[in-house]
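To start, the structure itself, in structure tokens.
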Amino acid sequence: MEMQPGQMAYDRASTVFSPDGRLFQVEYALQAIQMGGTAVAVTYDTGIIFVAFRNLPTSSLAESGSIEKSFAVDTGLGCVTAGLIADSRVLVEFLRVEAQRHRLTFGETAPYAVLGHALGTLLQQFTQFGGTRPFAVSLLLGGFNNNVPGLIELDPSGATIGWKAYAIGRNRRAVADFLEEKVTDHLSEEAAFKLAVQAVAEGSPTPFQPEALDVAILEPNSELRRFLPPEVARRVQGLPFIGAPEKKSGNR
Amino acid sequence: MEMQPGQMAYDRASTVFSPDGRLFQVEYALQAIQMGGTAVAVTYDTGIIFVAFRNLPTSSLAESGSIEKSFAVDTGLGCVTAGLIADSRVLVEFLRVEAQRHRLTFGETAPYAVLGHALGTLLQQFTQFGGTRPFAVSLLLGGFNNNVPGLIELDPSGATIGWKAYAIGRNRRAVADFLEEKVTDHLSEEAAFKLAVQAVAEGSPTPFQPEALDVAILEPNSELRRFLPPEVARRVQGLPFIGAPEKKSGNR
Amino acid sequence: MEMQPGQMAYDRASTVFSPDGRLFQVEYALQAIQMGGTAVAVTYDTGIIFVAFRNLPTSSLAESGSIEKSFAVDTGLGCVTAGLIADSRVLVEFLRVEAQRHRLTFGETAPYAVLGHALGTLLQQFTQFGGTRPFAVSLLLGGFNNNVPGLIELDPSGATIGWKAYAIGRNRRAVADFLEEKVTDHLSEEAAFKLAVQAVAEGSPTPFQPEALDVAILEPNSELRRFLPPEVARRVQGLPFIGAPEKKSGNR
Amino acid sequence: MEMQPGQMAYDRASTVFSPDGRLFQVEYALQAIQMGGTAVAVTYDTGIIFVAFRNLPTSSLAESGSIEKSFAVDTGLGCVTAGLIADSRVLVEFLRVEAQRHRLTFGETAPYAVLGHALGTLLQQFTQFGGTRPFAVSLLLGGFNNNVPGLIELDPSGATIGWKAYAIGRNRRAVADFLEEKVTDHLSEEAAFKLAVQAVAEGSPTPFQPEALDVAILEPNSELRRFLPPEVARRVQGLPFIGAPEKKSGNR
Amino acid sequence: MEMQPGQMAYDRASTVFSPDGRLFQVEYALQAIQMGGTAVAVTYDTGIIFVAFRNLPTSSLAESGSIEKSFAVDTGLGCVTAGLIADSRVLVEFLRVEAQRHRLTFGETAPYAVLGHALGTLLQQFTQFGGTRPFAVSLLLGGFNNNVPGLIELDPSGATIGWKAYAIGRNRRAVADFLEEKVTDHLSEEAAFKLAVQAVAEGSPTPFQPEALDVAILEPNSELRRFLPPEVARRVQGLPFIGAPEKKSGNR
Amino acid sequence: MEMQPGQMAYDRASTVFSPDGRLFQVEYALQAIQMGGTAVAVTYDTGIIFVAFRNLPTSSLAESGSIEKSFAVDTGLGCVTAGLIADSRVLVEFLRVEAQRHRLTFGETAPYAVLGHALGTLLQQFTQFGGTRPFAVSLLLGGFNNNVPGLIELDPSGATIGWKAYAIGRNRRAVADFLEEKVTDHLSEEAAFKLAVQAVAEGSPTPFQPEALDVAILEPNSELRRFLPPEVARRVQGLPFIGAPEKKSGNR
Amino acid sequence: MEMQPGQMAYDRASTVFSPDGRLFQVEYALQAIQMGGTAVAVTYDTGIIFVAFRNLPTSSLAESGSIEKSFAVDTGLGCVTAGLIADSRVLVEFLRVEAQRHRLTFGETAPYAVLGHALGTLLQQFTQFGGTRPFAVSLLLGGFNNNVPGLIELDPSGATIGWKAYAIGRNRRAVADFLEEKVTDHLSEEAAFKLAVQAVAEGSPTPFQPEALDVAILEPNSELRRFLPPEVARRVQGLPFIGAPEKKSGNR
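Written out as structure tokens, the structure reads:
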């Protein structure tokens, strides 16, 4: 990120605007998210596919299942995140508690837009009050409205936008352009899966192994289902950008 | 925004006046609002038209309905905002809760001026107490007084002014001058709509597609009604500043 | 305001004296008040006239009634303010609540001096405790003592002085000198009104329209009555400093 | 006040000693008091005279009675202050509440030394804890011990000293030397009054009008009695330093 | 750690991102951990071996048992730490209390992943809120899932990753590579022990005595068992990197 | 106090050690105490003599009894102070309340060592927690243990040391050396008094009048008795260092 | 302590790591401890000897018993401290209260390791939270485990290590090396006493008098017993490093 002269005077706190009205700490948090792996969510006729690149140790000793990018929130509610792992955990925990609170109060799954706005309000507070920093997380929250799948994107500023398919994390803009071009109406699950994996590949500078992918599927009235490594491996077979396995611990 | 020598000494906190009595953080928040799209509200004989430019992704994958600039507050109460999305959400939520509180206490819709002053007091506190920043939002709150429509404008300082028609956001002054010149007494809904769309066009450097507009109408004793995209498209047909559709994700 | 060498070291907080015993933030707040319009209050035999210049948009779209400079506080209690609009609202609200509290406790209208001292104590706290800034408001509070009208002036330091007639805001000193010279004993309401309007004109560099004036009258045992624009226009007719109407939005 | 090299490093907070053990903010508060008018208290056989110069507007429009320098605290208890008006109000209010608390608890007028120590403790806290500034007030508190009048002086540090007669405010030292020289045992009320007025005149660079003086008398078992302007004028008649009346608003 | 130009502007608080999205205080805490001894955990068929190098006084007067690197948490739960001793104590105490709370609520041993996420959330808070610093501790928490041993790694950022075997502290990356290469499926306890000791030796620049090792074993349904020095000495006999005893107090 | 290069970086807060482990604010508070007058306490066979120099106004208008350096704490408990008057008042008040608390709880006079440790703990807190400054007071607290008199010295750090006789304030070290040389076992009250007065004279650069001395005596089972000025004058008669009376207000 | 370039940027708060992971305020607190006298604890067959050098006034007027370095905590629990006197008092008071709390809850003397860990946790908090400084105290806490004596060392970081014999304060490392060399198994009380005194002498640059030593002994089921000066004098007789008495007040 290029620095303008004088920028440093305004970039040390979430509670200070620069003369041109920018909140630099929010922009720097987005920069932190850019350093993580690409994550993509694609809606299809009856569900949502979440695919994320785990730029984490590819060591055979790592429990790949422990490096979570997609998370179940409640029945028919799930999300994928990009950014700091520990910040993500806090936000996912917030979503889960909010979802349970809604269920207890209204006896129904929380509408995903309601949950997204609640999370956006939480994120906004960390951009306005002192003694803290914004969360360095972008998040795609998915759910259903009368069985129609939908996504809501959250970023460190607390802004929310709805999408049919979108990308967060590394090379977000290029990957989003790819999706814009390729996504068509009435995708099948299979097509959505392939598209999502291809999109993540667009965001990665080099080929990668199947284990680098965290894949999950969300369908109405059921929990988010994370694919086990063999299932991922089987389904990506033959896709060109999947590299040969190389067994070495990553550069963390 | 041009910097005066010595300005930087006083512009890092809401709690510090400069030697000439200015609160720079409030001015910088106004600058942030200038970066967002123009929003306009025009009262007519029996209601209020709100039109806002969404300078947000024009991607076909975005759910344009999720990028809200106008908001229902209560029966016969609504608003349009310019500035940071997440800050707007907090203020709209404040208005909605205040409106419900008034309804529960007095059994009536809150007068829009009362609501506006309550919000102004909230905004003022963020210009006087430390450890925080002003809200980067301008807002036009509309309502009715004995079925006569009225608007109250709020800015980051917490100041409030009443208007028959006004503009906030990008190029606010030029757009307000346009309205000043064009608005006449006893407008019809159709005339008010066209004037509001033209005013927003005045604030935009280039032609735009119908989907770029968030349009809503407020009438007495009913909820604010946001126009669906087809309705917007139909009604703006033939207006010169509406560009041909170009399908590419925006520069966010 | 001219800066002395070394002044900047002591002018960033209300809680710091300069070596010569000054509180710069209080002085800067006074500077902010100087940027607003002149306001004047003149007592006469049986009441008080408040006149204030609204240096706010003269646009025909603005609801001039919404740009308030004079405020009813309680029966027989009112005030006029100069300075930041949103700060004024907070102080007026304080006066109204204090007045009601007094009425509930003692079953009478609060003496205006008692109210003034309570407000002065509030203002003082914002000059002594950290994490905040002084209020940028001067205020003339009027009331009656056995039907004899009186005024108490408050400034950002919290100091209070009683006056028969006085001025706050832009060019305060010149306007006060004008009043000093012109005010005589046993003014009629008409004479007090003319004098107050002339005094405000003294504070204005150029002629102005009648709508630029916020005029109110306070008499014993009744609420402050703000003049409607036609009444103002009628009564200022023929006064030389009232300019021809020019219809353009102001320089805000 | 002359600055020593390095002084600025230690003079920005009440909570920091300089290397030579000074608290600069306390010294700067004393400097603020020096900018106000001289105030004097002189005990005599059966009472105490308080005389203070009001360096405030001599405008005929000002209610001179509203510019108070001497204050009743309780029966047989009163004080005169020098320094910031609003700070003084806070301290006088403290004394009045403490006096009532003592009366309610012990059924007697509070001894003036007890009250003085309580106020000194309040003042001290504002020299030791952060986020605030010292009070810029010196105060002479008078009362009776078995009908013998006495004075206790308080300054911003919270230190207390007892006096038979003393001066605070502008030119305090010269005026105190004058009193030291002139005060004798067994003064009559008349002699004490003249001496006090002369002492205040010692502190003033130019002659002044009678209205510039705030005069009050305290006797046992009664409230402090402030002289009305005619009484002051009558009693100072013929004293050389009383200037001819010049009617112009002061330099505030 | 090499400093980039400008880095110092952003590295003084946990609540500030640098322009490239880094949290320097978290990175510096990792640096503190690098100064401590290597610690290793290796799972085998039925349990977990923890081995840590104590870079603490090798004086014969030290109670080696008091220099703890591995800690029992609850039945079937244990951990090994690297970093500041006192910070470790706080985290271990947190884990023990959380484990008891789970046991009291659910009547079962807390799943180690649940405990790990709770600790991660604690660690995250110390990277986001002001007035504090991150914990300078990395920790390998071990437990069982249906008798299958597992490890979860925590670092100062609060991130969590699962491992079959891993290393923390000095030369963490080289030691982890060693483990990656050597660890095979279905290790026996003996093999795991030898591998863990060899891995710690990889992290140490010089040979060391048996007493320098803190060794513990964790098996299902029992408390973590720390080996007594004679047992350690006996079992490492003959391993090449074990140095001859040299009796001198360490360089602390 | 001579400044070392770099000292200024560490001397602005009680909560910061310098690289060589010093707390400069505590040292600066000691410097403030050095600016006050010398105070001495000497135990003798059956009691304790406290003598303090009051470097305060020698004006005949001052109530010398109001300038207290020695204070009764409880029956058989008293103290003498050096340093800031207002800080001393706070500490003496603390001692008095603690003594009453002990009396209420245990039905006995508080042992002076217990009181001293309680005060030391209070003083220590002001050297460790932020937002405040150390107390600028040294204090010699006297009491009896089975009728044997004893002294405990407290300084701004909160350290406590017991003494048979000691000095605080100006020229403390020289005066203490004088006492060390002159004090013998089994002093009579008269000898202790003379010795104490002589010691105070050692600390004073010039002769002084008897009124400059605050003298008090403490004996078991009775309140501290402060000598009235005539008694002091009578008893110091003929001592060489007592100057001729010169009647002029001091240099405050 | 030598300063590295850049060190000053990170050494002003306990809550900031330096780039190489150091907490400078903790290191500076250790430096403060180095300025105090050496203290030593040596366990022997049935107890513990504590010997400390008091680098405090050797004046004959000082009550040497008031300068405590060793403290009873509870039956069979005691400690010796090095560092700031007032900080030590706070920690000893903490230990005593914790010991009583344990006794009330469990009906037994608190295990010394449990007490030590509680104190370590207290110390750690002062290295992690803002607005305070670390305690400048090292402490050797002694107790018994089934009548076997043991020591636990605490330093400002909150780290704890167990020892058979150890030294804190001035020249800690050299003295610890001395102990390492000389301490053997099964020491008698007499041998332990001589060794401890010799060790303290190792830490002192010059010979000293017996009164300079604070000596205490701790045995199971009894309170720590501090030796009276005659007992110390008698037992050190003939030891070479005990200097001839020289009667002069020390350089404090």
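Chains as they are written, first to last, in numbering that gives the first Met the number 0: chain S, 0 to 251; chain P, 0 to 251; chain G, 0 to 251; chain U, 0 to 251; chain R, 0 to 251; chain D, 0 to 251; chain W, 0 to 251. Cβ coordinates follow ideal geometry from the N, Cα and C atoms, glycine included.
- Taking 7 Å as the CB threshold, Gly130 (chain D) lines the interface with chain U.
- For the 7 Å CB-CB criterion, Lys163 (chain S) and Thr42 (chain S) form a contact.
- Counted as a single uninterrupted DSSP element, the stretch harbouring Thr42 (chain P) is not any alpha helix (DSSP H) but the beta strand (DSSP E) occupying residues Ala38 to Tyr43.
- Taking C-beta atoms under 8 Å as the contact rule, Gly161 (chain R) and Glu62 (chain S) qualify, at a distance of about 3 Å.
- Gln123 (chain D) has a beta carbon lying within less than 7 Å of a beta carbon in chain W.
- Contact check for Glu152 (chain U) against Tyr165 (chain U) passes: the beta carbons are separated by less than 7 Å.
- Ile160, Gly161, Trp162, Lys163, Ala164, Tyr165, Arg172, Ala175, Asp176, Leu178 and Glu179: these are the residues of the stretch 160-181 of chain R whose beta carbon lies less than 9 Å from some beta carbon of chain S, given in chain order.
- Membership of Asp176 (chain W) in the alpha helix (DSSP H) is indicated by the continuous run Arg171 to Lys181.
- Cβ atoms of Arg102 (chain D) and Ala109 (chain D) come within 8 Å of each other, at about 7 Å.
- Cβ neighbours of Glu218 (chain G) within its own chain (closer than 7 Å, five residues either side excluded): Thr45 and Gly46.
- Secondary structure at Val235 (chain W): helix, using DSSP grouped into helix, strand and coil.
- Less than 7 Å divides the Cβ of Gly82 (chain G) from the Cβ of Ala135 (chain G).
- For Pro204 (chain W), not one C-beta of chain R is nearer than 7 Å to its own C-beta.
- For Arg11 (chain R), at least one C-beta of chain W is nearer than 7 Å to its own C-beta.
- In this structure, Ala211 (chain G) lies away from Leu223 (chain G), with their beta-carbon atoms at least 7 Å apart.
- Only Gly149, Leu150 and Ile151 from the stretch 133-151 of chain G bring a Cβ to less than 9 Å from some Cβ of chain U.
- DSSP places Val50 (chain D) in the strand class (E or B) of the three-state scheme.
- Our two residues, Leu194 (chain R) and Arg234 (chain R), have alpha carbons roughly 12 Å apart in a direct line.
- From the listed residues S:Val25, S:Phe240 and S:Gln208, the smallest Cα separation to Pro229 (chain S) is found for S:Gln208.
- Thr183 (chain U) counts as exposed, since fewer than 16 other beta carbons sit within 10 angstroms of its beta carbon.
- Within a 10 Å sphere around the beta-carbon of Ser13 (chain W) sit 16 or more other beta-carbons, which makes this residue buried.
- Unbroken beta strand (DSSP E) runs of no fewer than 3 residues, entirely contained in the stretch 123-179 of chain P, are found at 136-144, 147-153, 159-162 and 164-167, following chain order.
- The beta carbon of Val15 (chain W) sits closer than 7 Å to some beta carbon of chain R.
- If you compare the alpha carbons of U:Gly5, U:Pro155 and U:Ile48 with that of Gln30 (chain U), the shortest gap goes to U:Pro155.
- Shown here, Arg225 (chain W) sits in a strand according to DSSP, grouped into three states.
- At a cut-off of 7 Å, the C-beta of Ser187 (chain P) has no neighbouring C-beta in chain G.
- Taking a beta-carbon distance threshold of 7 Å, Ala40 (chain U) does not count as an interface residue toward chain D.
- Comparing alpha-carbon positions, the option among G:Tyr27, G:Val15, G:Arg21 and G:Asp19 lying closest to Ser17 (chain P) turns out to be G:Tyr27.
- At a cut-off of 7 Å between C-beta atoms, Gln127 (chain P) counts as an interface residue with respect to chain G.
- In the displayed model, Phe192 (chain P) falls within a helix according to three-state DSSP.
- Assigned with DSSP and collapsed to three states, Leu29 (chain U) falls in helix.
- Using a 10 angstroms sphere on the CB of Gly77 (chain R), the tally of other CB atoms reaches 16 or more, which defines it as buried.
- Taking C-alpha positions only, Leu227 (chain S) is separated from Gly64 (chain S) by approximately 8 Å.
- Residue pairing by DSSP places Glu97 (chain R) opposite no residue, since no beta bridge is assigned to it.
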